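Down below is the structure, laid out as C-alpha cells.
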Amino acid sequence: MSVHVGTGRLLYHMAPQKGLESTRTARTLPDMLERLASPSWRSSVLAELRFGPKALRETVPWLLRTRLGRIESLLQVALKNAQDAPHDLAYEMENEHLTWSELANTTSRVAHVLAAAGVKQGDVVALIAENSPFYVASVLGVSRIGATAALVNTNLRGRPLSHAVSASKAKVVLVSHTLEPGLRECGELCQSLDRILVFDDNPYAGLLANTPATAYPLAPVQAEDDFVYIYTSGTTGLPKPCRISHARAILAGAGFGPLMYDFRPGDKLYCVLPLYHANGLLLGVSAAMIARVPMAMRRSFSASAFWADVHRYKATAILYIGELCRYLVNSPPHPKELPNPVRVAVGNGLRPDIWPRFKTRFGIEHIR
-19 MSVHVGTGRL LYHMAPQKGL ESTRTARTLP DMLERLASPS WRSSVLAELR FGPKALRETV
41 PWLLRTRLGR IESLLQVALK NAQDAPHDLA YEMENEHLTW SELANTTSRV AHVLAAAGVK
101 QGDVVALIAE NSPFYVASVL GVSRIGATAA LVNTNLRGRP LSHAVSASKA KVVLVSHTLE
161 PGLRECGELC QSLDRILVFD DNPYAGLLAN TPATAYPLAP VQAEDDFVYI YTSGTTGLPK
221 PCRISHARAI LAGAGFGPLM YDFRPGDKLY CVLPLYHANG LLLGVSAAMI ARVPMAMRRS
281 FSASAFWADV HRYKATAILY IGELCRYLVN SPPHPKELPN PVRVAVGNGL RPDIWPRFKT
341 RFGIEHIR
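In the numbering used here, the protein residues as written are -19 to 348.
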C-alpha cells in the first residue's frame, strides 16, 4: 500500500486481493473508511497499514474506532487522557492551568451545575464566553450531561445575538461576566430563558463552588449525536447554527493531529483563534486532545504579543487563518520573533503572496 497526503485528500493504493475488486488506486479517506467497515477488507487494510507513514498509522485506528462506535465522544478522549496521564498539562492561558485530571473533574462539576439548572440529555445550552481552559471544560461538561453546546460568537450584540440563542432552542445560557451585559440587553430573549448562569474569572470559587464531589455520570451518546452547534458568519443574513456531531469532532482531530501537525513528544500547540469557530475547536482543541498534546491559548489574537506568548508557552505548533499570518508579516519586527520554537503552522486561507514571507521571516520549517 502506498500513501500520498495531498491538499485536503488522502490517497492510497491497495494491492489487488483474490476475490476482491482488483483496482484500488486514488482512493480517498472516506473510501478507506468504507473498506474498514467491511470485515473482508478490515484485516487487510490494518495489516498493510504498518508499512505506511507514521501519521497514517496513528490516524486510521482512531477512524476505525469511531466508525465502530467504540469512541463516541471527545469527552471520552479527555477522560482517557485523565486516566493515562492525570498530572500532564492539558490547557493553559496566563495563570490558568488545567491538567487532564483537573479537566475531567471540572467537566463533572459543570455537569452538576447544569443538571441543577434543569438541563437534561437532549437539551441545548448556549455558551457565550471568551477563550480559556474553562471554556473547553464547559463544552465537555455540557457533553457529559448528554446535551449540546451552542457556541455563540462573542462579538454578537442585539438582534444577531438574540437570534443566535433563539435559533439553537437553548433554554439555559452559560455566559462569562464580561459578556453578560450584552446578553441582558436582549430583554425579550432573557425573559424566554429558563436560567442564565454567569461565571467570572475564577469560576471554581464562584459558579462551581458548591458542586458535589461525586463524579457526574456520563450520559450515553452515539457518535452521530450532536456535540456542538457552530454558527455561520452571518455575512448573508443572521447567524445560523450548524450541527457538529461527536464523530465529526473526533475525525477532525484524529486527522489533523497526526497528519497535519505531526505532533511529537514535547510539542505544545498555541491557539489564538476563537474556540466558538470550527478552526479553534476542531483543528485546535480536538487535534491536541487526541494527540494528548498540551494547548496554550489567548483570549484573542494580538500581533504585538504573539511571539512573546510563543516563547512564554514554549509553543512548537501554531494554528492560523490567513489574516493572522498577514497581520504578523505586516507588523514591525519583534525582538522575540527569531529565533522561535515553532516547528509547524497549520491552518487555512494563507494567500500565496503571504506564504513565502511568513515562512522566511519567522523561520517556520513546515506550513500546512
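For every residue, glycine included, the Cβ atom is placed at its ideal position computed from N, Cα and C. Quantities reported herein were computed from a predicted structural model and do not represent experimental measurements.
Helix, strand or coil for residue i? Go by DSSP, reduced to three states.
i        : result
Gly(-14) : Model confidence at Gly(-14) stands at a pLDDT of 36, short of 50, so the residue's coordinates are unreliable; what they give is reported in the following sentence. Of the three classes helix, strand and coil, the one that applies to Gly(-14) here is strand, per DSSP.
Gly327   : strand
Glu303   : helix
Leu78    : strand
Cys166   : coil
Ile347   : strand
Leu120   : helix
Ile334   : coil
Ile125   : coil
Ala276   : strand
Tyr196   : coil
Leu350   : This structure cannot speak to residue 350, because the chain is shown only from -19 to 348.
Leu83    : helix
Val145   : helix
Val201   : coil
Val290   : helix
Tyr115   : helix
Ala353   : Only positions -19 to 348 of the chain appear in the structure, and residue 353 is not among them; the question remains open.
Lys339   : helix
Val322   : coil
Pro312   : coil
Ala258   : helix
Pro161   : helix
Mind checking residue i: buried by the 16 CB within 10 Å criterion, or exposed?
i        : result
Arg139   : exposed
Lys248   : buried
His143   : buried
Arg244   : exposed
Ala285   : exposed
Leu318   : exposed
Ser118   : buried
Asp206   : buried
Ala6     : Low confidence applies here, because Ala6 scores a pLDDT of 29, under 50, leaving its location unreliable and the question unanswered by this model.
Thr134   : buried
Arg89    : buried
Gly246   : exposed
Thr228   : According to the sequence as given, residue 228 is Arg; it is not Thr. Label assigned to Arg228: buried.
Pro313   : exposed
Gly(-12) : Bear in mind that the predicted position of Gly(-12) carries a pLDDT of just 37, short of 50, making it too unreliable to give a figure here.
His67    : exposed
Asp289   : buried
Glu72    : buried
Glu345   : exposed
Glu82    : buried
Gly217   : exposed
Ser180   : Position check: residue 180 holds Asp in this sequence, whereas Ser was assumed. Asp180 is exposed by the Cβ-count criterion.
Asn182   : exposed
Ala242   : Looking at the sequence provided, one finds Asp at residue 242 rather than Ala. It is buried - the Cβ of Asp242 has at least 16 other Cβ atoms within 10 Å.
Pro274   : buried
Pro238   : buried
Check whether the Cβ of residue i lies closer than 8 Å to any Cβ atom in chain D.
i      : result
Lys149 : Of the protein chains in this structure there is only one, and it is not chain D.
Quick one, which of the options has its alpha-carbon nearest residue i's?
i      : options                           : result
Lys220 : Ala227, Tyr211 and Arg228         : Tyr211
Asp333 : Arg323, Thr215, Val326 and Cys305 : Cys305
Cys251 : Pro238, Ser266 and Pro319         : Ser266
Thr296 : His157, Val155 and Asn320         : Asn320
Gly352 : Val90, Lys149, Tyr71 and His92    : No information on residue 352 is available, as it lies outside the stretch -19 to 348 that the chain covers here.
Arg331 : Val324, Ser311 and Gly302         : Gly302
Val178 : Val57, Leu94 and Arg272           : Leu94
Leu187 : Ala97, Gly327 and Gly233          : Ala97
Ala258 : Lys100, Ala185 and Val132         : Val132
Ala185 : Thr86, Lys60 and Pro336           : Thr86
Val105 : Gly233, Ala58, Gln63 and Val208   : Val208
Leu120 : Ala58, Ala288, Cys222 and Arg337  : Ala58
Arg367 : Ala232, Leu141 and Leu54          : Only positions -19 to 348 of the chain appear in the structure, and residue 367 is not among them; the question remains open.
Met240 : Lys60, Arg348 and Glu160          : Arg348
Arg137 : Ile270, Gly214 and Tyr300         : Gly214
Leu255 : Gly162, Val324 and Tyr300         : Tyr300
Val153 : Asp180, Ala147, Leu173 and Pro161 : Leu173
Thr340 : Gly329, Gly327, Arg323 and His291 : Arg323
His157 : Ser24, Ile176 and Leu261          : Ile176
Lys151 : Val326, Val99, Asn310 and Lys60   : Val99
From the DSSP secondary-structure annotation, give me the bridge partner or partners of residue i.
i      : result
Ser156 : Phe179
His92  : Partner(s): none; His92 has no beta bridge.
Ile224 : Val208
Tyr250 : Ala276 and Ile298
Glu72  : His77 and Ala276
Ile270 : According to DSSP, which records beta bridges pairwise, Ile270 is partnered with nothing at all.
Ile108 : Val155
Ala130 : Ala106 and Tyr209
> Is the segment 107 to 118 close to the segment 78 to 97, with three or more CB pairs under 8 Å?
Replying inline: yes
>> Quick check: the segment 167 to 175 against the segment 191 to 208, are at least 3 beta-carbon pairs closer than 8 Å?
In response: no
>> Any contact between the segment 120 to 140 and the segment 193 to 207? By contact I mean 3 or more CB pairs, one from each, below 8 Å.
In response: yes
> Are the segment 92 to 111 and the segment 275 to 285 in contact at 8 Å, needing three or more beta carbon pairs?
Replying inline: yes
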